[in-house]
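Asker: Protein chains in written order, with numbering that gives the first Met the number 0: chain A, 0 to 609; chain B, 0 to 364; chain C, 0 to 301.
C-beta: ideal position from N, C-alpha, C; glycine also.
Given the structure is predicted, the values throughout are model-derived calculations rather than measurements.
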Amino acid sequence: MNPHALTRRFLSALAVLALTAGALAVAAPGAAAQEDDVDTLLIATNQEVDTFNPFKRRNVITYETSMMTYDTLVKMGTEYEPVPGLATEWVESEDGLTWTFTIREGVTWSDGEALTANDVAYTYGLLIENQAIHDWNVDFAGNLVSAEAPDDATFVLTLAQPAPWDVLTREVYIVPEHVWSQFPDPSADDANQLPLVGSGPFQVTEYKTDELIRLKANPDYWDGAPGFDEIVYDYYAETDAAVAALEAGEVDVVGSGMQGGLNPAQIEALAKQDHVTVNDVQGRRYVSITLNHGTVTQDGTEFGDGHPALKDPVVRKAMHMAIDKQALVDTVLDGSGSPATSIIPAIFAQYHWDGGDSLVQFDIEGANALLDEAGYERGEDGVRTMPGGGQRLSFRFYQHADNTAYATIAQFAVEWWAELGIEVVPEAIEQGELNNLAYLGEFDIAFSGWGVGPNPTEQLGMHTCAVLPTLTDGTERSSENSYCNPDFDALHEQQKVESDPDARAELVKEEQRLLYEDTPVIYLYYQNVMEAYDHDSVTGMTTQPTENGMVTGQQGFTWSYWSAQPVGGDGDEGGPSAWVWIAVAAAVIVVAGAGFVLTLRRKKTADERE
Amino acid sequence: MTDGTPPSEPDRASGPAGDAADRGAPGAPAAPAAGARTRVSGGFGRYLLKHVAGAAVSLLLVLFSSFFIFRLIAGDPIDQLTRERPVSPEQRAAMRAELGLDQPMWKQFWDYITGTLTMDLGDSFQYRRPIFDLIVERLPATLLLSGTGMVLAVLLGFWIGARAGWRQGSRFDRGQVATGLLLYSAPTFWLGMIVILVFARYLGLFPVNGMRSPSTPPDFWSQAVDIGHHLVLPVLTYTAVVYAGYLMIMRSSVLDELGGDYLTTARAKGLRDDEVRRRHAVPNALLPTVTLVFLALGSVVNGSIVTETVFSWPGLGSLFVQSIFYPDRPVLQALFVLFSASTILAVLCAEILYWFIDPRIRRTG
Amino acid sequence: MTAVPTSPRALRRARTRQSLARSWAAYRSQRAGMVGLVLLSAIVVLAVAAPLLVDQSQLSVTQATGGRMEPPSAEFPLGTDEVGRSILALTLWGSRLSLIIGLTATLAAILVGTAVGVTAGHVGGWYGWVALRVSDWFMVLPSLVVAIALLAVLGRSMGTTILVIALVSWSGTTRLVRAQTLTVQARPYLERARALGAGHWHQMTRHVLPNVLPLVLASATLLVPSAILMESSLAWLGLGDPNVVSWGSILNRASDNGAVSAHAWWYLLPPGLAILLVVLAFMMCGRALEAVFNPRLRGEGA
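Listed below in structure tokens is the structure:
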């Protein structure tokens, strides 16, 4: 035995390994290149299904499957405006308490049964009578009095309080009575039985955990058959994998289905691909920091341990002035976003408030002047103290530990605020713990962020006096930050019942102005939606809004997937490249095989010589 | 003194098995330091009973602690389920009832204990499905990845180690030890990212991650080839990081045998050098390493957490990490018990095996 | 030794010096060990001198001058991160934290492990039995699993990371030390000491510990690399404190910001290679030390 023989044997073993690996590398894409004649729209996702029960779903993924499987009376248009859905027209009574809907005729369920006003009455009836479903949707269902179908084409809904926008924008998915009435308990998981029966453009037919969700097209959809035969949500644990799959043509759409979304680096990489269209457009999400301006209960009991300086609007304003929101957008988001003013993102153009004359400009000097004037003097260590001496302006800043973007923002803010003579100590804590502390009022500054829906009532409602906690134990979690301002509340009630869209928008903007000037929360930026699709296999997707809008993450109805059309000649996809692969494979196998045989023979002679 | 030291444990923590951070130092002698030798009287029956009882106590402790540890994770699970959506107190209450969180603590504990013993592990918060099903679905992926990786690492490590030890100090020896140590020093997740960058992104030879491509036809062969294709990079990474441990152990085991008289005898009989190695030295050197391999079996179930996470391999390890961030308490509980039980049982097996392999242990003290 | 020592203390000191010199000679003869030592010294010097080499202001995000993930250039020899900071500066500063965490965690583990090990071996009885059972239990638990779970429970900070790493690594030392303690105790001179009325404390500190320490030192040197690897894995998984700069947290940011998709190899290579080098250096030193103190292994070093 000599060392050379050993090395040779080692090399030959490596060659075998390389050969196997090479064969696998080559064979797999070849095997994958087969296509069948079903046109499938492949969407990447990583979100688990919570339930297919449309009354109980919470996750974005099941929001999308519900929108496709079922219909609502009133759909949300591409500009977030109410458009006819299953109801062709609707009339609000004078007192705003009775709504009469005319139900579209000739609509059928995906199992062929006819859809009538009885199904609608049954669905709304569940919200009123089924205790569990009622509780899950109590913010809306609590206002319902009765739901009746006087005839097959008419549905009458009675409310306790006028709430025009709730009625028009609330997504109540109409379910088939003939199927659902068979369930022992419609609030339970019976409603998950596949295939789902619905009247929407696609119905869920198959689900495998972490593998796929399959939806079959409804060719009889009342607004026209969808372009694709089926939609498949494919699971990718990591966004990077979904990106690679899109590059390789294995998936058609990557977007909000991936929680956390695409990041700028990924968008940049995808933009270089010839067959990929990237879409970097304004989104519905804002990121903000909450300042603990004093947590109180409804009866005025103060609780928590926030820093007293934060109760002073001057301090909050100065801190606001020391944040360069554009810089955050540029570095943290790589420009894929826009500086925020208040709670309603710019995508909802009719409700968004642009700051007007009260817009705060980045001005560290000005902020310092404000603090000087208010009597916060700098101590020897450069940190300011409360007027008249005493407590230093040293704040705790809680961030979500798993979010590296927040860590970067925190570092920016800490450095800016340090220039104001305010010491801020960032601390990364778990989301659950952070929520606990936030609702107990035991924090100074904390991150927050929400995806905002098209109906501003929901989001603004978290800042009303009515949702302040009654207890100090932090278990009531409806108020975002203990904000309570009677003027704000009055505006809020008014906008709820204002039927004129323009007048309502003015009220909503006024609410935002109050919130902005009181600065209980500093809104940092609106995050863009970053998505990409393969325009060699899908085309014609309607965006929402139509101008500069998004393809994934649509609200109220999936206009994009319904309107999507397959690009013809799917079959030749990857054709030439498959041949290249096979040629390469053959070459590799021949070369490696020859090398292997050669080594074996040489080894034999070497052994014999010894 | 009647201490019951598990005799098969290597000196340092978890030995060569397992990826990621919990690598012990390579080349740790397989046998415990002198003096720790268990002195048991009463034969195999007593030895067995003692170790089985020890393992049972450990398991029980794991079972109890698992329930309480994860209950310490702060925060209301409902917050997670309703992330970024306003919820009313009524909705909260309805969801609590659905998840069984409205039950008193003792009831939850009792349900957990009886449930775990009867394999009814409850439902996952994030998937809303029975955890047992989740585990059954993901276990094969984990076994495939770390099983293949482990077998390759053991074979490669032993093969190189035996030769390196036999030719101690040669260029081959020095080169192999250096290579092994170098790979051993690389953080698994980093090596994984580099491997992805080079082989998947630059060269495009392999998929970036995951276990299968959705467009693959459902027939057996296409699926097998596809999974094999996805398997290459994770197994490569796993093996690269782990094999050095086996290399060093085999090497030092062979070194121990080098001076043996029987080798001289064998040579005197005129056997060729590599025959002496193959027929005499290696079999003897293998004996002390067998228990170690057994120990490694435990980490087949829990040893690839980092590798699975880098490659998004849909196994138990990535489920564990994902559940930590959710946090999905019932899943964490179940996986913690499963992971710990697998090592405890592997150690038990190694101990039992050790009785048969090392005659010294049977000496009465 | 030509001079005749005059007092017992001087005698002892001389003996210690002598044995240290012997060990050093044995260590010096191991090439890998010397290479490791040089490498390690270089890294430690760099880490200590980091503030002199690179101003802390280079870690500031508001003063960063580079672009987003710029490839290496004259101004930024190792490129920049997503905020435009120099990767070189980050890697240099990261060494401080990674080393501190690795060393502190090891120190804590060794202290606890040695204390429990020596007392368990020396005192024995039910205390020894319980101590042994507990350390056994920690030993069979999968350490990364336990570390992840504990960090999720305890929260993320440098302190908890150190605590958790120490908690999952002390048991090995306990076992080693206890075994060695039992061996030492069986030696005749300890029996003699006992006969002369030496108390427990005296026996432990004067006789047992000095004999145990060399082995502990060797095993500690091998524990540090595991601790550093574990810290980096935990930080990369997102279980570290994102507000500090350690090698693991740099890599965590790199993967969160899509460095792999962007083919930003300059963001991935430096911190990873740094970990690799430190671990390698410690491992080489540790193996050499082990060979010095454990004669069975001597002479095998390459």
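Can you tell me whether A:Phe396 is helix, strand or coil according to DSSP?
Answerer: Looking at A:Phe396 - three-state DSSP - the assignment turns out to be strand.
Asker: For A:Tyr522 and C:Gly65, I'd like the C-alpha separation in whole angstroms.
Answerer: If I take the Cα positions, the gap works out to 27 Å.
Asker: For A:Val331, report the span of its alpha helix (DSSP H) as first-last.
Answerer: Its alpha helix (DSSP H) spans residues 324-331.
Asker: Starting from the Cα of C:Ile164, find the closest Cα among C:Val145, C:Val207, C:Thr180, C:Gln179 and give me that residue.
Answerer: For the residues C:Val145, C:Val207, C:Thr180, C:Gln179, the minimum Cα distance to C:Ile164 belongs to C:Val145.
Asker: Against chain A, with Cβ distances strictly below 8 Å, would B:Pro129 count as a contact?
Answerer: Not one chain A Cβ lies under 8 Å of B:Pro129.
Asker: Please decide whether C:Trp136 counts as near chain B, where near means a Cβ-Cβ distance under 8 Å.
Answerer: Taking Cβ atoms only, chain B reaches closer than 8 Å to C:Trp136, which makes this a yes.
Asker: Going residue by residue through the region 80-129 of chain C, where are the continuous beta strand (DSSP E) segments of at least 3 residues, counting only ones entirely within it?
Answerer: For the region 80-129 of chain C, not a single whole beta strand (DSSP E) run of length 3 or above is found.
Asker: Mind checking if C:Leu267 is an interface residue toward chain B, Cβ cutoff 8 Å exclusive?
Answerer: Chain B contact via Cβ: present.
Asker: Quick check on the DSSP output: the beta strand (DSSP E) that includes A:Ala120 runs from which residue to which?
Answerer: Run containing A:Ala120: none in the beta strand (DSSP E); it sits in the alpha helix (DSSP H), 116-128.
Asker: Once the 5 residues before and after A:Leu439 are set aside, which same chain residues still bring their CB inside 7 Å of it?
Answerer: Same-chain partners within the cutoff: Gly303, Gly473.
Asker: Going by C-alpha to C-alpha distance, which of C:Ala192, C:Ser28, C:Val111, C:Ser6 sits closest to C:Arg177?
Answerer: Nearest option by C-alpha distance: C:Val111.
Asker: Between which two residues does the beta strand (DSSP E) holding A:Thr153 run?
Answerer: Per DSSP, A:Thr153 belongs to the beta strand (DSSP E) from 153-158.
Asker: I want to see whether chain C comes within less than 8 Å of B:Ala185, judged by CB atoms only; does it?
Answerer: Yes, its Cβ sits closer than 8 Å to a Cβ of chain C.
Asker: Could you tell me whether the region 524-535 of chain A touches the region 271-290 of chain A, using the rule of 3 or more Cβ pairs below 8 Å?
Answerer: Yes, the region 524-535 of chain A touches the region 271-290 of chain A.
Asker: Could you please give the first and the last residue of the uninterrupted beta strand (DSSP E) stretch that includes A:Phe201?
Answerer: Run containing A:Phe201: 201-207, per the beta strand (DSSP E) assignment.
Asker: Determine the extent of the beta strand (DSSP E) in which A:Met75 is found, giving its start and end residues.
Answerer: Its beta strand (DSSP E) spans residues 73-75.
Asker: Exposed or buried, C:Ser232, counting other C-beta atoms within 10 Å across all chains shown (16 or more means buried)?
Answerer: By the neighbour-count rule (16 or more Cβ atoms within 10 Å), C:Ser232 is buried.
Asker: Measure from the C-beta of C:Gly66 to each C-beta in chain A and report whether the shortest distance is under 8 Å.
Answerer: So, not an interface residue.
Asker: Quick check: is the beta carbon of C:Ser59 nearer than 8 Å to any beta carbon in chain A?
Answerer: Chain A contact via Cβ: present.
Asker: Would you give the residue range spanned by the beta strand (DSSP E) that A:Phe100 belongs to?
Answerer: Element bounds for A:Phe100: 97-102.
Asker: Ignore the nearest five residues each way along the sequence and tell me which others in A:Ser668's own chain have a CB closer than 7 Å to its CB.
Answerer: Residue 668 of chain A is absent from the model: chain A starts at 0 and stops at 609.
Asker: Distance check for B:Ala295 and A:Leu125, CA to CA, integer angstroms please.
Answerer: Taking the straight line joining both Cα atoms gives about 56 Å.
Asker: Should A:Pro575 go down as buried or exposed, given a rule of 16 or more other Cβ atoms within 10 Å for buried?
Answerer: Any reading at A:Pro575 must be qualified, since the residue scores a pLDDT of 35, below 50, and its modelled position is unreliable; no value is offered.
Asker: Using a Cβ-Cβ cutoff of 8 Å, what residues of the region 287-308 of chain B are near chain C? List them in chain order.
Answerer: Residues Gly297, Ser298, Asn301, Gly302, Ile304, Val305, Thr308.
Asker: Looking at the ligand HEM, does it come within less than 7 Å of A:Arg377, judged from the CB to the closest heavy atom?
Answerer: Only the bare structure without any ligand can be found here, which leaves the ligand HEM out of the picture.
Asker: Need the endpoints of the beta strand (DSSP E) that A:Asp233 sits in, please.
Answerer: Looking at the DSSP string, the run of the beta strand (DSSP E) that includes A:Asp233 is 229-234.
Asker: Can you have a look at B:Ala20 and say buried or exposed, based on whether 16 or more other CB atoms are within 10 angstroms of its CB?
Answerer: Low confidence applies here, because B:Ala20 scores a pLDDT of 38, under 50, leaving its location unreliable; read the following figure in that light. Label assigned to B:Ala20: buried.
Asker: Counting contacts by CB-CB distance shorter than 8 Å, is B:Glu136 in contact with chain A?
Answerer: Yes, B:Glu136 counts as interfacial toward chain A.
Asker: Run the CB neighbour count on B:Thr117, radius 10 Å, all protein chains shown included, and call it buried at 16 or more, exposed below.
Answerer: The residue is exposed, with fewer than 16 neighbouring Cβ atoms inside 10 Å.
Asker: Output the distance between the C-alpha atoms of C:Met157 and C:Ile100, rounded to the nearest integer angstrom.
Answerer: Each residue's alpha carbon lies about 7 Å from the other.
Asker: Which residues in the same chain have their Cβ closer than 8 Å to the Cβ of B:Arg211, if we skip the five residues on either side of it in sequence?
Answerer: Counting only Cβ-Cβ distances below 8 Å, and skipping sequence neighbours, we find Gln222, Asp225, Ile226, His229.
Asker: So, is the C-beta of B:Arg166 closer than 8 Å to a C-beta in chain C?
Answerer: No, B:Arg166 does not count as interfacial toward chain C.
Asker: If you compare alpha carbons, which of A:Asn136, A:Asp233, A:Glu80, A:Gly111 is closest to A:Asn52?
Answerer: A:Asn52 has its Cα closest to that of A:Asn136, out of A:Asn136, A:Asp233, A:Glu80, A:Gly111.
Asker: Would B:Met104 pass as an interface residue toward chain F - the criterion being a Cβ-Cβ separation below 8 Å?
Answerer: Within the model displayed, chain F is absent; protein chains A, B and C are what it includes.
Asker: DSSP on C:Thr15, reduced to helix/strand/coil?
Answerer: C:Thr15: helix per DSSP, three-state reduction.
Asker: So within the region 440-523 of chain A, which uninterrupted beta strand (DSSP E) runs reach at least 3 residues, ignoring any that extend past its ends?
Answerer: Runs found: 444-450.
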